[in-house]
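Trainee: Here the sequence shown is numbered in numbering that gives the first Met the number 0, starting from 0 and rising by one per residue.
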Amino acid sequence: MIPPSAQSSRDIYSTSPPSLDLGVFLRRMRSAQRSHQAPSCDARVAHLDRLEEALLRRKGALVDAIQKDFGNRSRHETLIADIFVTLNELKFARAHLRAWMQPRPRHVGLSFLPAHAVLLYQPLGVVGIISPWNYPVQLAIAPLIGALAAGNRVIIKPSELTPATGEALKDLIAETFDPDHVAVVTGGPSVGEAFSRLPFDHLVFTGSTRVGKAVMRAASENLVPLVLELGGKSPAIVGDDFDIVAAAERIMMGKLFNSGQTCVAPDYVLVPEDKRDAFVDAARDVVANMYPTLQKNQDYTCVINDRHYARLQGYIEDARGRGARVIEINPARETLDPKDRKLCPTLLLDVSDDALVMQEEIFGPLLPIKTYRALSEAIDFVNDKSNPLALYYFGHDRRQIDRVLSETLSGGVGINETMAHVAQEDLPFGGVGASGMGAYHGFDGFEAFSKKKPVFYQSRIRTTGLLSPPYGRMVDTFLRWILGK
Ligand code: NAD
């Protein structure tokens, strides 16, 4: 065990097996929280300012680290999804923080007047964040922004699959915050497991549904409240009144950003039966325009590691073995070296519903295309699966849009666009059922990481005293007035 007092946050480091007693460290952080007053709005704004400066100063190092971890990760996609979106989240929180922190007056029952009641937002204490590899900066830092805005201290455990980014985040945090304010611990599943058993005041887990269940079990030991940001199969339904080329453009853009390694990427598409071939043709053209080449194309991101590459190849072979037609879109007809882990954008037609690619979250550049005749068929297909994290509908007819909205349940919805709903700071981001619980971003993040404390203020004139024993005529009269005879 390394005594926490003997280290800076740069040294707060664990590999598998954990060499640091995380519990001692957590207690030290929490006692720092208790010995200081909740940070003022100005102090929280200063924390966010420092974080913003650090992100801007280190954005080149973060881009390089993610590039190293992926083999090739489009630099633009890193700047858009890991830096720009994160900074927007920060700026939005900072701009609204003063208003968010204000006590909210609440209604008081007529018989209690002239008392009044308010909700106060109070920091919870120390928040733990376990983050995944696919957007390794955004998914570690965006929850941090909400937690800092709410006045908490934070420990982050990034994914072991992006070790260079984990180290870059550790450096960034160590030079920006005191070690008993924000810290990063690194390590694999065993560190994650130990981390999720700690008695945090709140835990945010972003990752797979399988690990999410283990985290929830571990957190239940200490009744730690959770936000679980999980995955699933997010459908895209193309309505019969929507331009098929525009639908293919928007769906393929969402599918191939980060090579499909996005929790809200459209996982599979449902198109009207008579438009399937037009969708396939349009998808081929769109991909050829976006990615004229693949092998050396810096815009086209690699699959994160050999295990995931083999998993995705396995899905293709499994689907093919069950009768699916496989269309690899390889515009320049290159021979792709598996060592580079660039997988062709691949459309899958006539896929059996029991194929792995229709059972598991894909998380890669494969797109099964299913067909439907009536909208109700598409809705039933979606509803036969677990609640997805995102659902996309393409159409103009208001009644059909409303029908899809009211008859399906998903974490979020994009109408006529993929993924953009997640970049709206004023919309909560979170799943439902198997795709997660709780939400953050914007005010919803501030609220998730705060205790929303109801407070009742009695007035000098205390009407409730009239209701105390010995009960007599006055109480009888009051009860008759309230309840009737
Ligand atoms: P993962 O579940 O394998 O790992 C996520 C994190 O959990 C990592 O930091 C890992 O070290 C840690 N971990 C592993 N085993 C653990 C254990 N037993 N206890 C505690 N922590 C443990 O997920 P991943 O492969 O990194 O990410 C991909 C998944 O994440 C996909 O399912 C994707 O849909 C989901 N995801 C969801 C969101 C969202 O916001 N809803 C965002 C991105 C990714």
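Ideal placement from N, C-alpha and C gives every residue a C-beta, glycine not left out.
1. Since tyrosine 486 and tyrosine 299 are thought to touch, with beta carbons under 8 Å apart, how far apart are those beta carbons, to the nearest angstrom?
2. Tell me the rounded alpha-carbon separation between leucine 118 and arginine 310.
3. Leaving aside the five residues before and after methionine 251 along the sequence, list all residues of the same chain whose C-beta is less than 8 Å from its C-beta, in chain order.
4. Ends of the beta strand (DSSP E) at glutamine 121?
5. Between valine 55 and the rest of its own chain, which residues show a CB-CB distance below 8 Å, the 5 nearest in sequence each way excluded?
6. In the DSSP assignment, find the unbroken alpha helix (DSSP H) run with phenylalanine 477 in it and report its ends.
7. Do you know offhand how far glycine 363's Cα is from phenylalanine 278's?
8. Is proline 234 helix, strand or coil when you go by DSSP?
9. Tell me whether the beta-carbon of alanine 493 lies closer than 8 Å to the beta-carbon of tyrosine 456.
10. Going by beta-carbon coordinates alone, are valine 153 and isoleucine 82 separated by less than 8 Å?
11. Assign serine 39 to one of two classes, buried (16 or more other C-beta atoms within 10 Å of its C-beta) or exposed (fewer than that).
12. Out of curiosity, what's the CA-to-CA distance linking arginine 461 and phenylalanine 111?
13. With a threshold of 7 Å, establish whether the CB of threonine 485 neighbours any heavy atom of the ligand NAD.
14. Closest to leucine 96 by C-alpha separation, out of Val44, Asn257 and Phe69, would be which residue?
15. Using 7 Å as the cut-off, classify the Cβ of leucine 197 as near or not near the heavy atoms of the ligand NAD, replying yes or no.
16. Short of 6 Å in beta carbon distance, which residues of its chain neighbour threonine 164, apart from the five on each side in sequence? Order them along the chain.
17. Can you grab the Cα-Cα spacing for the pair threonine 292 / methionine 28, in whole Å?
18. Could you tell me which of Ala246, Gly22 and Asp266 sits nearest to proline 234, measuring between CA atoms?
19. Using a Cβ-Cβ cut-off of 8 Å (strictly less than) and excluding sequence neighbours within five positions of aspartate 179, which residues of its own chain qualify?
20. For the ligand NAD, any of its heavy atoms closer than 7 Å to the Cβ of leucine 160?
21. Beta-carbon within less than 6 Å of alanine 247's beta-carbon, same chain only, minus the 5 sequence neighbours each way: which residues are those?
22. Near threonine 463, which residues of its chain fall below 7 Å by C-beta distance, leaving aside the five closest residues on each side in sequence?
23. Is it right to say proline 468 is buried, meaning 16 or more other beta carbons lie within 10 angstroms of its own, or is it exposed?
24. With DSSP run on the structure shown, which of helix, strand or coil describes glutamate 505?
25. Cα separation between tyrosine 391 and serine 34?
26. Express the C-alpha separation of tyrosine 120 and arginine 103 in angstroms, rounding to a whole number.
Mentor: From the atom records:
1. Absent from the model: residue 486. The displayed extent of the chain is 0 to 484, so no value can be given.
2. On the sequence shown, position 119 is the one that residue 118 refers to. On the sequence shown, position 311 is the one that residue 310 refers to. Counting only the Cα atoms, arginine 310 lies some 49 Å from leucine 118.
3. Within the sequence shown, residue 251 is the residue found at index 252, counting from 1. Taken in chain order, the residues that qualify are Ala282, Val285, Val286, Met289, Pro344 and Leu366.
4. Taking the sequence shown and counting its residues from 1, one reaches residue 121 at position 122. 115-122 is the span of the beta strand (DSSP E), which, as asked, contains glutamine 121.
5. Here residue 55 is taken as the residue at index 56 of the sequence shown, counted from 1. Residue 55 is actually leucine in this sequence, not valine. Leu86, listed in sequence order.
6. For the purposes of this step, residue 477 is taken as residue 478 along the sequence shown, with counting starting at 1. 472-482 is the span of the alpha helix (DSSP H), which, as asked, contains phenylalanine 477.
7. Counting from one through the sequence shown, the residue named residue 363 turns up at place 364. Counting from one through the sequence shown, the residue named residue 278 turns up at place 279. Their Cα atoms are separated by approximately 20 Å.
8. Locating residue 234 in the sequence shown gives position 235, counting from the first residue. Per DSSP, reduced to three states, the secondary structure at proline 234 is strand.
9. As displayed, the chain neither begins before 0 nor continues past 484, which places residue 493 out of reach and without an answer.
10. In the sequence shown, counting from the first residue as 1, residue 153 sits at position 154. In the sequence shown, counting from the first residue as 1, residue 82 sits at position 83. Their beta carbons are not under 8 Å apart, which means valine 153 does not touch isoleucine 82 by this criterion.
11. Counting from 1 along the sequence shown, the entry for residue 39 is found at position 40. Exposed: under 16 other Cβ atoms inside 10 Å.
12. Counting from 1 along the sequence shown, the entry for residue 461 is found at position 462. Counting from 1 along the sequence shown, the entry for residue 111 is found at position 112. So the alpha carbons of these two residues sit roughly 8 Å apart.
13. Examination of residue 485 is not possible in this model, given that the chain is present from 0 through 484 alone.
14. For the purposes of this step, residue 96 is taken as the residue at position 97 of the sequence shown. Of the listed residues, the one whose Cα sits closest to leucine 96 is Val44.
15. As a working note, residue 197 is residue 198 in the sequence shown. Not so, every heavy atom of the ligand NAD lies at least 7 Å from the Cβ.
16. The residue given as residue 164 occupies position 165 in the sequence shown. Around threonine 164: Ala64, Ile65, Asp68 and Pro135.
17. Here the question's residue 292 lines up with position 293 in the sequence shown. Here the question's residue 28 lines up with position 29 in the sequence shown. Distance between the alpha carbons of threonine 292 and methionine 28 is about 50 Å.
18. Your numbering for residue 234 matches position 235 in the sequence shown. Looking at the Cα atoms, Asp266 is the closest of the given residues.
19. The residue given as residue 179 occupies position 180 in the sequence shown. By the criterion of a C-beta distance shorter than 8 Å, aspartate 179 is surrounded in its chain by Arg27, Met28, Ala31 and Arg152, once the five residues flanking it on both sides are discounted.
20. Residue mapping note: residue 160 aligns to position 161 of the sequence shown, counting from 1. Yes; taking the cut-off as 7 Å, the Cβ of leucine 160 has a heavy atom of the ligand NAD nearer than that.
21. Counted from its first residue, the sequence shown places residue 247 at position 248. By the criterion of a C-beta distance shorter than 6 Å, alanine 247 is surrounded in its chain by Phe278, Ala281, Ala282 and Val285, once the five residues flanking it on both sides are discounted.
22. Against the sequence shown, residue 463 aligns to sequence position 464. Correct list, in chain order: Phe111.
23. As a position in the sequence shown, residue 468 is number 469, starting the count at 1. It is exposed - the Cβ of proline 468 has fewer than 16 other Cβ atoms within 10 Å.
24. The requested residue 505 does not occur in the structure, where the chain is confined to residues 0 to 484.
25. Translated into the one-based positions of the sequence shown, residue 391 becomes position 392. Translated into the one-based positions of the sequence shown, residue 34 becomes position 35. The alpha-carbon separation between tyrosine 391 and serine 34 amounts to approximately 48 Å.
26. The residue given as residue 103 occupies position 104 in the sequence shown. The residue given as residue 120 occupies position 121 in the sequence shown. Their Cα atoms are separated by approximately 9 Å.
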